[in-house]
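Mapping of the sequence shown onto full-length UniProt numbering: residues 1 to 100, in sequence order. Virtual Cβ for every residue (Gly too), placed ideally from N, Cα, C. Beneath this line is the structure, given in structure tokens, with notes to follow.
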Amino acid sequence: MKNNFNSCNTSKPIERYRNKKTLIQLDWCEPFYFISGTKGHCEKGQKLLANVACDRRDVELLTGAPAVAPTPDGHGNGAIGSRKVGFAVVIGTLAGLLVI
């Protein structure tokens with residue numbers, strides 16, 4: 001995935017979206033790679049890496065700021081700490097969006 005993202009390879013996308021506005025559920029703690037499927041657009045920088053962080057170390061590495069501390073019951077506030085998260089992004093600027 002990362003190699004396809006870096007090289008703008010559109011030959012084998014995981015998903016293809018053609019709507020002007022697309023809602024994508026980012027529900028796992030991992031990087032999500034998006035590139036434009038329109039010829040030449042990715043090479044001009046029309047791509048997006050969404051790195052979904054779930055534990056304190058991930059948040060601190062990505063933002064440089066300390067993560068929210070868990071509550072006394074150890075469950076946190078729901079913002080981090082679970083391997084599955086509920087986060088969605090609306091992408092409306094990448095024409096012919098591909099998930100790679």
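Helix, strand or coil at residue i according to DSSP, with G and I counted as helix
i, result
"E30", "coil"
"C8", "coil"
"K44", "helix"
Cβ of residue i within 8 Å of any chain D Cβ
i, result
"A50", "Note that chain D does not occur in the displayed structure, where there is just one protein chain."
Beta-carbon proximity check, residue i vs residue j, cutoff 8 Å
i, j, result
"S36", "K47", "yes"
"L26", "F34", "no"
Proximity to residue i [Cα-Cα], best of the options
i, options, result
"V52", "K44, E43, I24", "I24"
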